[in-house]
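Since the structure comes first, as structure tokens, the remarks are kept for the end.
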Amino acid sequence: MNPEASLVDNIIDTTSAVFMVVGALMSLAAAVGLLRFPDLLSRMHAATKPQVLGLFLLLASIGLQMRTWWVWPVLLVAWIFQLLTVPVSAHMVGRAGYRTKHLHRELLSSDELEAVVQKAAQSARDEGADAGRPD
3 MNPEASLVDN IIDTTSAVFM VVGALMSLAA AVGLLRFPDL LSRMHAATKP
53 QVLGLFLLLA SIGLQMRTWW VWPVLLVAWI FQLLTVPVSA HMVGRAGYRT
103 KHLHRELLSS DELEAVVQKA AQSARDEGAD AGRPD
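Start counting the sequence shown at 3; every next residue gets the next number (the numbering used here).
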């Protein structure tokens, strides 16, 4: 067996093992954050940030272990899909949680959405009042 090929295989295996362990730890950190954090917004942060990086590392580990070129585009598409959908879904859940009062306002350092929600509510009240008037 070629000693240079064996060295390359060992480097790839070691890199893959490191990616797999770190990716699994990131996913574990996301799960622990979901269970331990006090409110919806903190839990969403824990679920999205480490999960995307952990998934990337796990997919890279799979790609390194497969040692074929055709698997990389499939893994890249899977990661890009997660990268695009996770922040959007977290944003929508956070906004719904904010509107339904499922958060601890005392934990917010600044509430930039409050003025927007109040303006929208006032606009809805004004339109409702205008709808009841005959022309």
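Backbone N, C-alpha and C define an ideal beta-carbon position, used for all residues, glycine too.
Around residue 4, the same chain offers no residue with a beta carbon nearer than 7 Å, after the five sequence neighbours per side are excluded. Annotated as distal: residue 37 and residue 105, with beta-carbon spacing of 8 Å or more. Cα atoms of residue 40 and residue 53: separation of roughly 19 Å, rounded to the nearest angstrom. A residue is called buried once 16 or more other Cβ atoms fall within 10 Å of its Cβ, and residue 91, having fewer, is exposed. In terms of Cβ geometry, residue 94 and residue 59 do not form a close pair [threshold 8 Å]. The segment 27-78 is shown to contain whole alpha helix (DSSP H) runs of 4 or more residues at 42-68, in chain order. A direct Cα-Cα distance of roughly 14 Å separates residue 119 from residue 96. With contacts defined by Cβ atoms closer than 8 Å, residue 35 and residue 49 form a contacting pair.
Leaving aside the five residues that flank residue 25 on each side, the residues in its chain whose CB is nearer than 6 Å to its CB run, in chain order, 56, 59, 60.
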